[in-house]
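Asker:
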Amino acid sequence: MLVHSRAQHGERKVKSPTTESRKKMLNSQGQGSTPCAACKLLRRRCAQECPFSPYFSPQEPQKFACVHKIFGASNVSKMLMEVPENQRADAASSLVYEANARIRDPVYGCMGAISALQQQAQALQAELNAVRMEINRYRQHENSPTNGTLTTTASATALVSGYQELVQDRGRASDTRSSKPSTTDVHTTVHSPSSTVATSESKDRTYWSPIT
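Below, the structure written as structure tokens:
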């Protein structure tokens with residue numbers, strides 16, 4: 001009986017909980033949870049008040065790896081603690097973006113990306129302003145109710161200018177005609193006796209000429 005009980009007791013020792021079962025038991029009790037990406041990279045125990053745990057998930061370890069490479073874990077922790085709690089998630093995302101930009105471009109980092117985006121925004125804004133001006137111009141000429149008034153005013157201006165040119169041409173023509181001497185003036189300016197006699201004789205002949 002004693003041997004049999006010892007054998008049973010030994011079997012129970014062999015069937016003691018393994019490491020995996022202990023982890024499951026600890027997880028069920030709220031202890032020994034999976035460490036965050038920061039604690040996993042730093043190989044330390046992830047405490048309940050870990051500043052990295054809410055922002056660096058263990059499913060994305062590359063994010064904290066980049067941040068740790070550029071800024072260092074202590075600096076990241078200080079920066080997160082200086083930011084209000086409702087803004088720490090955005091701060092962590094900004095640090096990840098800046099770290100990735102610095103790795104891609106060691107010289108300019110995120111400033112190079114910001115400068116490129118600003119240039120693109122300025123070019124698009126200039127193009128948008130040009131398109132808006134073109135649209136306004138078409139609207140004024142085609143869809144504006146004053147389009148007919150503008151056309152009528154332009155036509156009236158053209159008619160007035162044409163009339164003025166016509167009046168000026170007529171005035172020039174009259175001045176040219178008045179500057180030419182007439183036949184009567186020629187005869188009156190001649191004072192020689194022979195011309196006077198010739199003029200009177202021509203008048204008599206014309207008066208007494210038979211009617212045909």
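Under UniProt numbering, the first residue of the sequence shown is numbered 1, with each subsequent residue one higher. All residues carry an ideal CB built from backbone N, CA and C; glycine is no exception. Everything numeric in this text was worked out from a predicted model, so none of it was measured.
1. Could you tell me whether the stretch 83 to 97 touches the stretch 47 to 56, using the rule of 3 or more Cβ pairs below 8 Å?
2. Please go through the stretch 78 to 150 and give each complete alpha helix (DSSP H) segment of 4 or more residues, from N-terminal end onward.
3. Just to confirm the assignment, what range does the alpha helix (DSSP H) spanning Q62 have?
4. Short of 8 Å in beta carbon distance, which residues of its chain neighbour K69, apart from the five on each side in sequence? Order them along the chain.
5. Closer than 6 Å: is that where the CB of F52 sits relative to any heavy atom of the ligand FMN?
6. Quick check: what's the CA-CA separation for I114 versus S161?
7. Pull up the distance between the alpha-carbon of N129 and that of M111, whole angstroms please.
8. Is the separation between the beta-carbon of L41 and that of F71 shorter than 7 Å?
9. In whole angstroms, what separates the C-alpha of L95 from that of V76?
10. Please state if the CB of G109 and the CB of A121 are separated by a distance shorter than 7 Å.
11. What's the gap between the Cα of Q48 and the Cα of E127?
12. Hey, would you say L80 sits closer than 7 Å to P51, going by beta carbons?
13. Below 8 Å on the Cβ atoms is my contact criterion, and I expect A73 with A38 to pass it. Report the Cβ-Cβ distance as a whole number of Å.
14. Buried or exposed for V107, please, with buried defined as at least 16 other CB atoms from any protein chain shown within 10 angstroms of its CB.
Answerer: So, from the listed chains and residues:
1. yes
2. 88 to 104 and 110 to 138
3. P61 to I70
4. A99 and I103
5. Absence of the ligand FMN is noted for the structure shown, with no ligands found whatsoever.
6. 59 Å
7. 27 Å
8. no
9. Taking the straight line joining both Cα atoms gives about 8 Å.
10. no
11. 53 Å
12. yes
13. 6 Å
14. exposed
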